[in-house]
Amino acid sequence: MADKSKIGMEFPPFTMVVEKIKIAEFAAAVGLKNSSEEIDSIYYDEEAARKAGYKGIPVPPTFMTSCFFWTDGLMGIVKALGFDLEKLLHSEEEYEYLGQMYAGDVITRKMKVVDMYERGQKDRPGRFAEVTVLETELINQRGELVTKVRSTMIER
Amino acid sequence: MTLTSESINVGDQMPVYTSVPITRSHLVRYAGASGDFNPLHHDETFVRMIGMQSVIAHGMLIMGIAGEAIVSWTPHKYLRKFHSRFLGMTQPVDWNDAENTKKRATIVVTGKIVKKYEENGEKRIRCNIVAKDLTGSRKLDGYFIAALP
């Protein structure tokens, strides 16, 4: 069960480089491709990316999810918030794109627990869930907020 | 064809996007690419221990597939927001019963423009999306907002 005393808790900021090869790997994964050669060339060829109107190699729209797993990964978050892994489900995810993220950017992740509450009634199994909402700001090397992420997790 | 605000109207459909059937290898590839190593998505022994039949796809893989559907139509430099609500689990293909399990593992993404408006000096559209498998079971719904030239 999520530990409600963690509302407002901020995870320590973490900074990481967006690696070019990880972008191609991610694009192949969400495209269900068997090789990075089968993906759109904007994800590995700077020239192709510029021709398509990008200042560098862009990331797929859900790439930011990988920032969630930085540092000690899912298990670190599960432990920090007191989640029960066997009951944990991802309920909603939202990205607000305020800028672009490119290969080589140095991104700082600021993640915070913004809400924890109960949904439904305890005496109606299957309908009851404990909800945790995380908000994450991804800020680039120039201090620009490039993406805001809102993730809703539930335990049933 | 270049997508412009002029060429799009409320009620227009996004081109239908159909994935290949998701396999366990795809789940492992996505786990490595995203860093999500929840055993629910690759470890059959963990899954059985908690009373489930099969590993399931990451909800975020299905959202990633929906993202592919979107950017194959609307370049993501135009995207302003992308929201998904996860509705159902997706089991991958069982190779020893591929004929009967292919449909449940194939994702179809559809979308419809529901709003055309101006915001922040941009011409924006809101497009509602749904991802289902080939048996009709809903996996996620949501929307994206894009600013078009």
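Residue numbers (my numbering), protein chains in the order written: chain H, 1 to 156; chain A, 1001 to 1149. Even glycine gets a Cβ: it sits at the ideal position worked out from N, Cα and C.
- Inter-residue distance for residue 88(H) and residue 152(H) is about 11 Å (C-alpha atoms, whole angstroms).
- Against chain A, a Cβ distance below 9 Å from residue 74(H) picks out 1035, 1036, 1037 and 1038.
- Across the set 1038(A), 1002(A), 1056(A) and 1023(A), the C-alpha of 1023(A) shows the shortest separation from the C-alpha of residue 33(H).
- Bounds of the alpha helix (DSSP H) holding residue 1070(A) are 1059 to 1071.
- DSSP places residue 1083(A) in the uninterrupted beta strand (DSSP E) bounded by 1079 to 1086.
- For the options 1149(A), 1138(A) and 1143(A), the alpha carbon positioned closest to that of residue 1121(A) is the one of 1149(A).
- A contact is defined here as three or more CB-CB pairs under 8 Å, and the stretch 1005 to 1016 of chain A meets this definition with respect to the stretch 1108 to 1123 of chain A.
- Where residue 1132(A) is concerned, the enclosing beta strand (DSSP E) starts and stops at 1122 to 1133.
- Within the model, the alpha-carbon separation for residue 1063(A) versus residue 62(H) is close to 7 Å.
- Taking the C-beta atoms as reference points, residue 73(H) is found no nearer than 8 Å to residue 1032(A).
- Here the stretch 85 to 102 of chain H does not lie against the stretch 1096 to 1108 of chain A, with fewer than 3 beta-carbon pairs under 8 Å apart.
- With contacts defined as CB atoms closer than 8 Å, residue 1136(A) and residue 1085(A) fail to qualify as a contacting pair.
- Taking 8 Å as the cut-off between beta carbons, none of the residues of the stretch 108 to 123 of chain H comes near chain A.
- At the C-beta level, residue 1055(A) and residue 1068(A) stay beyond 8 Å of one another.
- CA-CA distance, residue 67(H) to residue 109(H), rounds to 7 Å.
- According to the DSSP assignment, residue 92(H) belongs to the beta strand (DSSP E) that extends over 88 to 97.
- Residue 72(H) sits in coil when the DSSP states are folded into three classes, being neither helix nor strand.
- Per DSSP, the continuous alpha helix (DSSP H) segment holding residue 51(H) begins and ends at 46 to 51.
- The DSSP-derived three-state label of residue 77(H) is helix.
- Counting along the chain, residue 124(H) sits inside no beta strand (DSSP E), nor does DSSP assign it H or E at all.
- Look at residue 141(H): its C-beta is not under 8 Å from any C-beta on chain A.
- Take residue 1138(A), set aside five residues on each side of it, and the residues of its chain with a beta-carbon closer than 6 Å to its own are 1087, 1088 and 1132, in chain order.
- Look at residue 82(H) here: in three-state DSSP terms it is coil, with no helix or strand label.
- Near chain A, meaning a CB-to-CB distance below 8 Å, the residues of the stretch 2 to 32 of chain H are 22, 25, 26, 28, 29, 30, 31 and 32.
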